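Okay, structure first, notes after.
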Amino acid sequence: MPVPSAPVDPDIRLAVTTRAETFERLRERLAPHDIAVEHVQPDERVLRVAGGDVDRDADANSDSEGADEFAGFDAGWVYPSRLMEGAVVDARLGVPWVNGRDAVLASRNKAGALARLADAGLPVPTTRLVSNPADDEAVLAAADEVGYPLVVKPNSATRGVGVARVSDPDSLLGVTDYLDLVHDYRATGDKSYLLQEYLPDATDYRVMVLDGDYAGAVERRLPEAALAAGNWKHNVHRGAVAEGVDLPGAARRLAERAAETLAIPLLGVDLLESEGRLVVSETNARPTIDAAEKYRDGFDASLATLVRRTANR
Numbered sequence: 001m002p003v004p005s006a007p008v009d010p011d012i013r014l015a016v017t018t019r020a021e022t023f024e025r026l027r028e029r030l031a032p033h034d035i036a037v038e039h040v041q042p043d044e045r046v047l048r049v050a051g052g053d054v055d056r057d058a059d060a061n062s063d064s065e066g067a068d069e070f071a072g073f074d075a076g077w078v079y080p081s082r083l084m085e086g087a088v089v090d091a092r093l094g095v096p097w098v099n100g101r102d103a104v105l106a107s108r109n110k111a112g113a114l115a116r117l118a119d120a121g122l123p124v125p126t127t128r129l130v131s132n133p134a135d136d137e138a139v140l141a142a143a144d145e146v147g148y149p150l151v152v153k154p155n156s157a158t159r160g161v162g163v164a165r166v167s168d169p170d171s172l173l174g175v176t177d178y179l180d181l182v183h184d185y186r187a188t189g190d191k192s193y194l195l196q197e198y199l200p201d202a203t204d205y206r207v208m209v210l211d212g213d214y215a216g217a218v219e220r221r222l223p224e225a226a227l228a229a230g231n232w233k234h235n236v237h238r239g240a241v242a243e244g245v246d247l248p249g250a251a252r253r254l255a256e257r258a259a260e261t262l263a264i265p266l267l268g269v270d271l272l273e274s275e276g277r278l279v280v281s282e283t284n285a286r287p288t289i290d291a292a293e294k295y296r297d298g299f300d301a302s303l304a305t306l307v308r309r310t311a312n313r
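Oh and the sequence shown: position 235 is 235 in UniProt numbering, straight run, nothing missing.
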């Protein structure tokens with residue numbers, strides 16, 4: 001299928017700060033709605049903070065030729081993941097974001113999000129937050145409350161980075177010894193981590209909620225060979241396959257309630273189903289936009305409506 005050309009005179013110019021899959025898909029699917037999707041680079045470069053008449057920090061390979069690369073946008077997609085650079089880009093753009101800084105921070109803080117969801121009465125895994133370094137005795141006592149086997153995960157990491165399953169106190173202390181030595185997640189500087197109950201043979205869903213409504217879901221499955229080898233993380237970046245599924249009403253409503261509780265317009269909600277339980281395990285305010293067939297009919301039009309409403313704030 002040919003990629004639609006960018007609108008010649010778009011109604012909306014949307015700034016996207018990543019070149020990952022989502023950028024290409026947004027550009028293709030929002031073009032028919034007269035929204036131009038353009039990349040703005042927030043990191044691995046020099047950014048002008050103050051001084052000078054023009055934005056001389058543009059990418060040397062860009063076509064800006066000294067023009068202000070941040071001018072003329074109407075909205076931003078998602079606040080940049082690197083918050084320090086993001087603050088400068090946010091000031092230069094001067095536009096509202098579909099998911100702003102508060103939304104990104106609320107979702108990135110796994111413990112904070114789960115605490116809010118639990119307080120709102122939503123089912124979540126039994127979880128403890130450890131502010132590292134903590135006394136071994138306190139960590140072991142918390143692990144006993146959660147129960148073995150359990151999962152250890154960085155509070156702010158993504159893509160399954162640093163997630164480990166442990167079955168006994170010695171293994172747990174071995175993991176925390178490494179955390180004491182090296183744990184400082186480079187994207188956030190967050191040294192806290194979670195102890196979370198392990199849900200055996202869980203079915204893993206990523207649900208997209210758009211403007212408070214269920215918009216589609218995928219089930220993340222490991223290949224049989226990976227399962228036979230003992231793999232257990234249902235993470236696409238670690239070899240899992242995401243297939244579109246049609247979730248029942250209870251799962252849809254749970255994901256919608258999670259997005260409502262966190263007040264995030266566009267949210268990926270991770271659900272785990274195990275032994276008759278359905279829980280919210282994580283949320284993602286920087287969700288990947290997947291292939292069109294994995295969403296309900298009219299998803300692109302609803303997405304365009306959200307972008308337009310954001311631009312008009």
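Every residue gets a Cβ at the ideal spot worked out from N, C-alpha and C, and that includes glycine. Being a predicted model, the structure only gives us computed values, none of them experimental.
| How about VAL40 and LEU26: are their beta carbons less than 9 angstroms apart? | By 1-based counting over the sequence shown, the position of residue 40 is 40. By 1-based counting over the sequence shown, the position of residue 26 is 26. Judged by their CB atoms, VAL40 and LEU26 are not nearer to each other than the 9 angstroms cut-off.
| task | Along the beta strand (DSSP E) that carries SER274, what are the first and last residues, could you check? | result | Within the sequence shown, numbered from 1, the residue matching residue 274 stands at position 274. Per DSSP, SER274 belongs to the beta strand (DSSP E) from 266–274.
| query | Just the Cα atoms here: how many angstroms apart are TYR79 and THR158? | reply | Taking the first residue of the sequence shown as position 1, residue 79 is located at position 79. Taking the first residue of the sequence shown as position 1, residue 158 is located at position 158. Distance between the alpha carbons of TYR79 and THR158 is about 16 angstroms.
| VAL209 in three-state terms, based on DSSP | Start at 1 with the first residue of the sequence shown, and residue 209 comes out as number 209. If DSSP states are grouped into helix, strand and coil, VAL209 belongs with the strands.
| SER281 - DSSP class collapsed to helix/strand/coil | Within the sequence shown, numbered from 1, the residue matching residue 281 stands at position 281. DSSP places SER281 within a strand segment (E or B) once states are collapsed to three.
| Does the Cβ of ASP90 have 16 or more other Cβ atoms within 10 Å, making it buried, or fewer, making it exposed? | Here residue 90 is taken as the residue at index 90 of the sequence shown, counted from 1. The residue in question, ASP90, is buried, as its Cβ has 16 or more Cβ neighbours within 10 Å.
| Pairwise C-alpha distance: LEU272 and LEU222 | Mapped onto the sequence shown, residue 222 falls at position 222. Mapped onto the sequence shown, residue 272 falls at position 272. Taking the straight line joining both Cα atoms gives about 14 angstroms.
| query | By DSSP, does GLY174 sit in helix, in strand, or in coil? | reply | Here residue 174 refers to the residue found at position 174 of the sequence shown. Here GLY174 sits in helix by DSSP.
| query | What residue from LEU306, ARG101, LEU140, GLY100 has the CA that sits closest to VAL130's CA? | reply | Working through the sequence shown from its first residue, we reach residue 130 at position 130. Looking at the Cα atoms, LEU140 is the closest of the given residues.
| said: Checking the sheet assignment: what are the DSSP bridge partners for LYS153? | reply: Stepping through the sequence shown from its first residue, residue 153 is reached at position 153. In the DSSP output, where bridge partners are listed per residue, LYS153 has LEU194.
| Got a sec? Which residues, its chain only, sit under 8 angstroms from ALA118 by beta carbon, not counting five neighbours each side? | By 1-based counting over the sequence shown, the position of residue 118 is 118. Closer than 8 angstroms at Cβ, skipping near neighbours: VAL124.
| Can you name, in chain order, every residue of its own chain whose Cβ lies under 7 angstroms from the Cβ of ALA304, other than the five neighbours on each side? | Numbered from its first residue, the sequence shown carries residue 304 at position 304. Within the same chain, ALA304 has close Cβ partners LEU30, HIS33, ILE35.
| field | CB of ALA285 within 9 angstroms of CB of VAL95, strictly | value | The residue labelled residue 285 in the question sits at position 285 within the sequence shown. The residue labelled residue 95 in the question sits at position 95 within the sequence shown. At least 9 angstroms separates the beta-carbon of ALA285 from that of VAL95.
| query | From this set, ASP74, ALA143, VAL49, which residue's C-alpha is nearest LEU194's C-alpha? | reply | Residue numbering aside, residue 194 sits at position 194 when the sequence shown is read from its first letter. Answer by Cα proximity: ALA143.
| query | In terms of residues, what are the limits of the beta strand (DSSP E) holding THR127? | reply | Here residue 127 refers to the residue found at position 127 when the sequence shown is read from its first residue. Unbroken beta strand (DSSP E) run through THR127: 127–130.
| query | Alpha carbon to alpha carbon, what distance is there between ALA103 and LEU262? | reply | By one-based count along the sequence shown, residue 262 stands at place 262. By one-based count along the sequence shown, residue 103 stands at place 103. Distance between the alpha carbons of LEU262 and ALA103 is about 8 angstroms.
| request: Apply the 10 Å Cβ neighbour rule to GLU197 and answer buried if 16 or more other Cβ atoms are within range, or exposed otherwise. | output: Against the sequence shown, residue 197 aligns to sequence position 197. Counting Cβ neighbours within 10 Å, GLU197 comes out buried, since at least 16 surround it.
| Which of the three DSSP states, helix, strand or coil, is assigned to THR203? | Within the sequence shown, the letter at position 203 stands for residue 203. Reduced to three states, the DSSP call for THR203 is strand.
| Taking Cβ to Cβ, would you say ARG220 is nearer than 9 angstroms to ASP204? | The sequence position of residue 220 within the sequence shown is 220, counting from 1. The sequence position of residue 204 within the sequence shown is 204, counting from 1. Yes.
| Which whole-angstrom value is the C-beta distance of LEU267 and VAL209, which I expect to be below 8 angstroms? | Your numbering for residue 267 matches position 267 in the sequence shown. Your numbering for residue 209 matches position 209 in the sequence shown. About 5 angstroms; that satisfies the 8 angstroms criterion.
| query | Taking the alpha-carbon positions, what's the GLU275 to LEU199 distance? | reply | In the sequence shown, counting from the first residue as 1, residue 275 sits at position 275. In the sequence shown, counting from the first residue as 1, residue 199 sits at position 199. Cα-Cα distance, rounded: 8 angstroms.
| Buried or exposed: which applies to SER167, given that a residue is buried once 16 or more other Cβ atoms fall within 10 Å of its Cβ? | Position 167 of the sequence shown, counted from the first residue, corresponds to residue 167. It counts as exposed.
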